[in-house]
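This report concerns only the one structure given below.
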Amino acid sequence: MVSVERGVTISLDLRARLSDLYCTYDNALNDGTLELWPELFTDPCVYKVIPRENYEQDLPVAVIWCESRDMLIDRVVAVRETALYAPRVVRRITSGICVRSAGEDWLGLTASFALFQTMLDQPSRLFLCGKYQDRVVDDAGALRFTERVCIYDSTIVPASLVYPV
Amino acid sequence: MVSVERGVTISLDLRARLSDLYCTYDNALNDGTLELWPELFTDPCVYKVIPRENYEQDLPVAVIWCESRDMLIDRVVAVRETALYAPRVVRRITSGICVRSAGEDWLGLTASFALFQTMLDQPSRLFLCGKYQDRVVDDAGALRFTERVCIYDSTIVPASLVYPV
Amino acid sequence: MVSVERGVTISLDLRARLSDLYCTYDNALNDGTLELWPELFTDPCVYKVIPRENYEQDLPVAVIWCESRDMLIDRVVAVRETALYAPRVVRRITSGICVRSAGEDWLGLTASFALFQTMLDQPSRLFLCGKYQDRVVDDAGALRFTERVCIYDSTIVPASLVYPV
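What follows is the structure in structure tokens.
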């Protein structure tokens, strides 16, 4: 269930639609169908993966920073065709999806994520956890992220961030 | 909230009923009330725990493979009466329950799970994570799993899988 | 989605309100806005953090035990002003929120939690997991916890439990 903070009111139907958006995002990455991932963003958009320390001090350095759907597609192509990395599976758990603010034509949401990574012949391990800070809009009938900032809790840069968060 | 993929439409009430089924499943195992677990399946049914590698290559070897409610009950009896194992607690987190397809009288769902295991006098540890691939039917008024395949992400066989996933 | 056990019936709206309560609780602690945390309890209330072993044997020793909102506020003041501890971030994942029983003016719920702790310059690690056992009431129009018992699965006392669970 998508929740809302006190002061925000949205219909049960919109809660369900938001839930579907978040789940479709997780499915695209969990299933390895990366090509579906850029379609969940508007164009232009903001997609960032940034350590909490930088985010809180307003320091700009981010591990990933995309500002259009083409940049997201570029990222997918890189993962598919040019990047070199040991095979791995990344499983994501999302919790506490919550509408925190609402504008005339957008909703501001947060959620918590935990990513578990499994390398070949190794046990699954916690890889990253943190918070999504999102802005969602209705883009011609479909809910899409116009902004998704993935703020991970650790200050160290993950050794190899292959897939999007 | 149970989510749906684009193209699938179900009522809010059915979403709630599905959510109840998944939660009742987790409760049965989290609470150690194993005896309630077989009742959540139809008879016959399919219940498998299989590594992702085997699943993806269509290799049949699974850690657990049951095809009837009696086989599930058998498993419970084994855990209760015959199996020897160090005491442990297994806590499960389920995320992203999603209706992916719908037939005339069944729903196809997936969800992600993370299992945390706690041995006596040890800290809790991530034990397994992976994906449920399910088929749910309305069995005389109650939703039940007619198929649950637990596909865990690691390729190594868990040292001791005592309880069902 | 907040689920219900067979035999319990509540409206979709009440499910949504419960979901909001749980999420607001997680947000207060995840965001570090500890001051909002006591407001989610009635006064008096019960808030306990207790190892599973003690809980199951009805042994009273708990890591935290508060019986009023003032005691909760006291805990917040301690964290803010008097306690000495290495800086950390604790991220919580909640799953399987379920109404297990209902009285005339209260609801009994359980949920699973996993807490991931991140110390400075270290990767995130699983810190604690376990079960919330809650009693929720409508307190003059707002849902609040009149009892929250946090039963963690490990028998060892966590080295340093700084923030509430």
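If you're matching them up, the sequences are chains D, C and U in order.
Residue 77 in numbering that gives the first Met the number 0 is what sits at position 78 of the first sequence, and the numbering runs on without skipping anything.
Residue 68 in numbering that gives the first Met the number 0 is what sits at position 69 of the second sequence, and the numbering runs on without skipping anything.
Residue 90 in numbering that gives the first Met the number 0 is what sits at position 91 of the third sequence, and the numbering runs on without skipping anything.
Every residue, glycine too, gets a C-beta built ideally from N, C-alpha and C.
The structure displayed is predicted, hence computed values, not measured ones.
Here DSSP, grouped into helix, strand and coil, assigns ILE72/D to helix.
Against chain D, a Cβ distance below 9 Å from SER123/U picks out ALA113, LEU125, PHE126, LEU127, CYS128, GLY129, TYR151, ASP152, SER153. One finds CYS22, ASN26 in chain U with Cβ atoms closer than 7 Å to the Cβ of CYS97/D, taken in chain order. In this structure, the alpha-carbon of ILE9/C lies about 19 Å from that of ILE9/U. Under the 10 Å beta carbon count, ASP25/U is surrounded by 16 or more other beta carbons and is classified as buried. Here the alpha carbon of GLY95/D sits roughly 6 Å from the alpha carbon of SER111/D.
For the alpha helix (DSSP H) assignment, the uninterrupted runs of no fewer than 4 residues enclosed by the region 4-63 of chain D are, from N- to C-terminal side, 11-29, 51-55.
Listed along chain C, the residues sitting closer than 7 Å to SER94/D by beta-carbon distance are SER94. Inter-residue distance for THR32/C and PRO43/D is about 51 Å (C-alpha atoms, whole angstroms). For the region 54-86 of chain D, the set of residues with a beta-carbon nearer than 8 Å to any beta-carbon of chain C is empty. Note that the C-beta distance between VAL148/C and TYR84/C is not below 9 Å.
Between ALA15/U and LEU11/D, the C-beta gap is smaller than 9 Å, which places the two residues in contact.
Within a 10 Å sphere around the beta-carbon of THR81/D sit fewer than 16 other beta-carbons, which makes this residue exposed. Of the candidates SER100/U, TYR151/U, GLU146/U, ILE92/U, TYR151/U places its Cα closest to the Cα of GLN121/C. Between the alpha carbons of VAL135/C and LEU106/C lies a gap of roughly 5 Å. When the alpha-carbon of PHE115/U is set against those of LEU127/U, GLU34/U, THR41/U, the nearest one is in LEU127/U. Among the residues facing chain D, VAL1/C is included, as its CB has a counterpart in that chain under 9 Å away.
Using a 10 angstroms sphere on the CB of VAL3/D, the tally of other CB atoms reaches 16 or more, which defines it as buried. Proximity of chain U to GLU4/D at the Cβ level (cut-off 9 Å) is accounted for by ASP19, CYS22, THR23, ASN26, in chain order. For VAL78/D, the secondary structure class from DSSP, reduced to helix, strand or coil, is helix. The Cβ of THR8/C sits no closer than 9 Å to any Cβ of chain U. Counting along the chain, the unbroken beta strand (DSSP E) around GLN116/C starts and ends at 106-118.
Judged by their CB atoms, VAL78/U and VAL161/U are nearer to each other than the 9 Å cut-off. Within 10 angstroms of the beta-carbon of ARG90/U lie 16 or more other beta-carbons, which makes it buried. Rounded to the nearest angstrom, the gap between the Cα atoms of ASP30/D and MET0/C is 20 Å. Counting along the chain, TYR162/C sits inside no beta strand (DSSP E), nor does DSSP assign it H or E at all. Residue pairing for SER94/D: DSSP places it in a beta bridge opposite SER111/D. For the pair TYR131/D and ARG87/U, the Cα-to-Cα distance works out to about 19 Å. Shown here for GLU34/D: same chain residues with a beta carbon closer than 7 Å to its own, the five before and five after excluded, namely VAL75 in chain order. Closer than 9 Å at the C-beta level to chain U, one finds these residues of the region 129-145 of chain C: ALA141. ASP138/U: member of the beta strand (DSSP E) spanning 124-138, first to last residue. Listed along chain D are LEU11, ASP12, ALA15, each with a C-beta nearer than 8 Å to that of LEU11/C. Out of THR117/C, THR145/C, CYS97/C, the CA that lies nearest to the CA of CYS22/D is found in CYS97/C. Considering only beta carbons, the part of the region 34-54 of chain U lying closer than 8 Å to chain C consists of ARG51, in chain order.
Under the three-state reduction of DSSP, ILE150/D is assigned to strand. The alpha carbon of ASP138/C has as its nearest neighbour, out of SER18/C, VAL7/C, PHE40/C, LEU13/C, the alpha carbon of PHE40/C.
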